[in-house]
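A.B. asks: Per numbering that gives the first Met the number 0, the very first residue in the sequence shown carries number 0; after that it's consecutive.
Glycine residues also receive a C-beta, built at the ideal position from the N, C-alpha and C atoms.
Remember, it's a predicted structure, so these values are computed and weren't measured experimentally.
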Amino acid sequence: MDYIDRPDAGRVVLDLDGPAEARIVAASDKQAILELSGVLIPAKLERSLDTREFDSPVRGVASYRDPRDPGSVRVVVDLSNGPPPSINRVGTTLYVDFARREVARAAKSAVYAPPVVGGYGVATTPITSQTVAQNRATVHNQRIEIDIVGIDIGNVMRLIGQASGVDIVVPDEVHGNVTLKLTNVPWRQAMEVILQSKGLWYKQEGNIIRVANRKDLDAEDQAERERQRARLQEERPETEVFRLNYANAAEVVRQVTPLLSPHGKSVIDNRTNSVVLTDVSGNRAAIIRLLRNLDSPTPQIQIEARVVEARSTWSRQLGVQWGFSAAAGAAGGNPTGLVFPSSVGVAGGTTDSTTPLGGLINAPTPNFAVNLPVATGTGAGGAIGLTLGSVGGNFNVALRLSAAETEGIVRIISAPKVTVLNNRQAKITQGVSIPIEVVSAAGAQTQFVPADLSLQATPHVSPRDCSVIMEVEVTKNEADFTNTGARGDPSLQRKEAKTVLLSADGETSVIGGIYTRNTGVSYAKVPWFADIPIIGFFFRNRRENDDRTEVLIFLTPRITNKASLPCETAAERK
Numbered sequence: 000m001d002y003i004d005r006p007d008a009g010r011v012v013l014d015l016d017g018p019a020e021a022r023i024v025a026a027s028d029k030q031a032i033l034e035l036s037g038v039l040i041p042a043k044l045e046r047s048l049d050t051r052e053f054d055s056p057v058r059g060v061a062s063y064r065d066p067r068d069p070g071s072v073r074v075v076v077d078l079s080n081g082p083p084p085s086i087n088r089v090g091t092t093l094y095v096d097f098a099r100r101e102v103a104r105a106a107k108s109a110v111y112a113p114p115v116v117g118g119y120g121v122a123t124t125p126i127t128s129q130t131v132a133q134n135r136a137t138v139h140n141q142r143i144e145i146d147i148v149g150i151d152i153g154n155v156m157r158l159i160g161q162a163s164g165v166d167i168v169v170p171d172e173v174h175g176n177v178t179l180k181l182t183n184v185p186w187r188q189a190m191e192v193i194l195q196s197k198g199l200w201y202k203q204e205g206n207i208i209r210v211a212n213r214k215d216l217d218a219e220d221q222a223e224r225e226r227q228r229a230r231l232q233e234e235r236p237e238t239e240v241f242r243l244n245y246a247n248a249a250e251v252v253r254q255v256t257p258l259l260s261p262h263g264k265s266v267i268d269n270r271t272n273s274v275v276l277t278d279v280s281g282n283r284a285a286i287i288r289l290l291r292n293l294d295s296p297t298p299q300i301q302i303e304a305r306v307v308e309a310r311s312t313w314s315r316q317l318g319v320q321w322g323f324s325a326a327a328g329a330a331g332g333n334p335t336g337l338v339f340p341s342s343v344g345v346a347g348g349t350t351d352s353t354t355p356l357g358g359l360i361n362a363p364t365p366n367f368a369v370n371l372p373v374a375t376g377t378g379a380g381g382a383i384g385l386t387l388g389s390v391g392g393n394f395n396v397a398l399r400l401s402a403a404e405t406e407g408i409v410r411i412i413s414a415p416k417v418t419v420l421n422n423r424q425a426k427i428t429q430g431v432s433i434p435i436e437v438v439s440a441a442g443a444q445t446q447f448v449p450a451d452l453s454l455q456a457t458p459h460v461s462p463r464d465c466s467v468i469m470e471v472e473v474t475k476n477e478a479d480f481t482n483t484g485a486r487g488d489p490s491l492q493r494k495e496a497k498t499v500l501l502s503a504d505g506e507t508s509v510i511g512g513i514y515t516r517n518t519g520v521s522y523a524k525v526p527w528f529a530d531i532p533i534i535g536f537f538f539r540n541r542r543e544n545d546d547r548t549e550v551l552i553f554l555t556p557r558i559t560n561k562a563s564l565p566c567e568t569a570a571e572r573k
């Protein structure tokens, strides 16, 4: 990059090693930005030139690599009320000229000065684009302001071409005067409005726009279609084989069929997973381009579910047994001294053959008045007994206390895992079949009810960021032999979750959970006496329980072949 101060203009010289596409992507009276596509610039040549010491429209020039497009270079020219630039190419050298104000004023007057009739004139304003988004579509949306009276349409097109940075060709047979005023409108919209008002239209090829009568352009298009149709009819179809690497030939052939010409056909070779095309060259090329896009690696997803169950049980029970016997009579040596009753006997009356008597010494018949024990024994609770009696056995007291407490914690983790291709359904199951006897009019029949741990999923991978959308159904059913039917058949504990969710690759999500808690206090007691404070303890059996159950289901998708997929990172999406 260099700068030359000329008498008529300030010239920026760009020396290239080869051909390149150059365009003005933004221009104003303070700055112009030139974009070179298909160009690389070494870091040592990225520099800035200070040209303020020259009395020219150019105050500085800077060149740098476009950070958004590594294959492009931008040249920024700072101006001091400068006119729009003009680009000339000589071989591989580009000359970007910024005319001095007096030269630009004279040239503008010579080109656009209208006939002096009644004081009519032309007034134009510079392009009013601000900091336009730095992309290739900038020039397409460039806005302009035009206020003209009685100007030839050819000169108007030259004005629009200079404002938009494109080349507009107007033939000699296109003529007519135009009067209009447009404010802050896109240059292409302004051009189309002007051409429509004169029955004209345009055809664009690259950076060149050709203006002609609309009927002539329609005739050209019709003639071109006739030539294409004739060429297709005369061309002899040829055969080409396209082998697919990832896609299934039988599935993609449905997308190929609409692109075939009337004489074309497609055949599937299942052995080599290939599509055999017979058609003219243009159709074959379009079909092969489609097949290349369809023949992409299919994402493969590993889906892992975790069913976590936590159970805690707690219970406590306190029981009491006490009894007595008292006798007064001649046989015991303590008669009552009365004729009637000459003997009296009182004893507790709740003893039976199944009553626990452990801990009571020399009391085979404790005569319990309150018999509310706790079931104790091997592996359950404890008990203590106390017996008191007189020497003659006329008065006896027996007391037995029993207590039991249980506490349990259970954790169960089930982790089914399955791998499946994108948009395909997968299912994995493990379990047993429980025989259930069913009685009907036809007689007794045995049916098998499944008690399974299963995972069924259908994933869909987003091509943008490789997030995974899943239709998931997780089931964990098991037999419960503690709750049985009338015929002894076990009941079925069911835990199921069915949902649709979006998850990032490798991210664990909780898709559901159930928490239950069962607490209770129960009493077995002797009426009235059990409600007396303190003393009531000896007339009741107390039982407490607290049972908790929690079920959580986790899901984690992982794309196993992510390296072969065109996924964007978070930084790229920003």
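1) Does the Cβ of THR238 have 16 or more other Cβ atoms within 10 Å, making it buried, or fewer, making it exposed?
2) Does the beta-carbon of PHE447 have 16 or more other beta-carbons within 10 angstroms, so that it is buried, or is it exposed?
3) Starting from VAL579 and walking both ways along the alpha helix (DSSP H), at which residues does that stretch end?
4) Quick one: grab the DSSP three-state call for VAL89.
5) Could you tell me the alpha carbon to alpha carbon distance between PRO84 and ASN560, rounded to whole angstroms?
6) For ASP7 and ASP96, what's the separation of their Cα atoms in angstroms?
7) Can you tell me whether DSSP reads TRP186 as helix, strand or coil?
8) By DSSP, does ASN517 sit in helix, in strand, or in coil?
9) Using 8 Å for Cβ pairs, my map puts LEU341 next to PRO334. What's the rounded Cβ distance?
10) Kindly give me the distance between the Cβ atoms of LEU199 and ARG213, rounded to whole angstroms, as I take these residues to be in contact under 8 Å.
11) Using only the alpha-carbon positions, how far apart do GLY318 and LEU387 sit?
12) Taking contact to mean at least 3 C-beta pairs separated by less than 8 Å, is the stretch 458-467 in contact with the stretch 498-506?
13) For ARG315, tell me which candidate among ILE167, GLY407, PRO365 has the shortest Cα-Cα distance.
14) Kindly give me the distance between the Cβ atoms of ALA31 and LEU78, rounded to whole angstroms, as I take these residues to be in contact under 8 Å.
15) Which ranges would you report for the alpha helix (DSSP H) in the stretch 236-320 if only whole runs of at least 4 residues count?
16) At a cut of 8 Å, does the stretch 453-465 reach the stretch 296-306 through at least three beta carbon pairs?
17) In angstroms with no decimal places, state the Cα-to-Cα distance between THR50 and VAL75.
18) For LYS180, does the count of other Cβ atoms within 10 angstroms reach 16, so buried, or fall short, so exposed?
19) Which term fits ASP4, buried or exposed, when burial requires 16 or more other beta carbons within 10 angstroms of its beta carbon?
20) State the DSSP-derived secondary structure class of ARG58, mapped to helix, strand or coil.
21) Starting from the C-beta of THR578, find all residues in its chain whose C-beta is less than 8 Å away, skip the five residues before and the five after it, and write them out in chain order.
22) Can you look up ARG542 in the DSSP assignment and give me helix, strand or coil?
23) Among ASP278, MET0, TYR245, SER27, which one has its Cα closest to the Cα of LYS43?
24) Which residues does DSSP list as the beta-bridge partners of ASN476?
25) Could I get the ranges of all uninterrupted beta strand (DSSP E) runs contained in the stretch 358-427, with 3 residues as the minimum, in chain order?
26) Note down, in chain order, each residue of its chain lying with its Cβ closer than 7 Å to the Cβ of LYS197, except the 5 sequence neighbours on either side.
27) Going by DSSP, what residues sit across from ASP530 in a beta bridge?
28) Mind reading off the beta-carbon distance from VAL589 to ASN540? Whole number of angstroms is fine, and I expect it under 8 Å.
29) Going straight from the alpha carbon of ARG288 to that of SER260, what length do you get?
30) Does the contact criterion of 3 or more C-beta pairs under 8 Å hold for the stretch 540-555 versus the stretch 510-520?
31) CA-CA distance, ALA61 and SER461?
32) Using the three-state DSSP reduction, which class does ARG557 fall into: helix, strand or coil?
33) My output table needs one value for GLY332: the three-state DSSP class, helix, strand or coil.
34) Mind checking ASN282: buried by the 16 CB within 10 Å criterion, or exposed?
35) Below 8 Å, how does it come out for the stretch 522-530 and the stretch 473-492: are there three or more Cβ pairs, yes or no?
C.D. replies: In this structure, then:
1) exposed
2) exposed
3) Since the displayed the chain opens at 0 and closes at 573, residue 579 lies outside it and no answer follows.
4) strand
5) 51 Å
6) 9 Å
7) helix
8) strand
9) Looking at the sequence itself, residue 341 is Ser, so the reference to Leu does not match. Between PRO334 and SER341 the Cβ distance is about 6 Å, and since that is below 8 Å, they are a contact.
10) 6 Å
11) 20 Å
12) yes
13) GLY407
14) 6 Å
15) 248-255, 280-293
16) yes
17) 13 Å
18) exposed
19) exposed
20) strand
21) Residue 578 lies beyond the residue range present for the chain, which begins at 0 and ends at 573; the question has no answer from this structure.
22) strand
23) MET0
24) ARG493
25) 367-371, 381-388, 394-413, 416-420
26) ILE152, GLY175
27) The partner list for ASP530 (beta bridge, DSSP) is empty, contrary to what the question assumes.
28) For residue 589 there is no data in the structure shown, the boundaries of the chain being 0 and 573.
29) 16 Å
30) yes
31) 41 Å
32) strand
33) coil
34) buried
35) no
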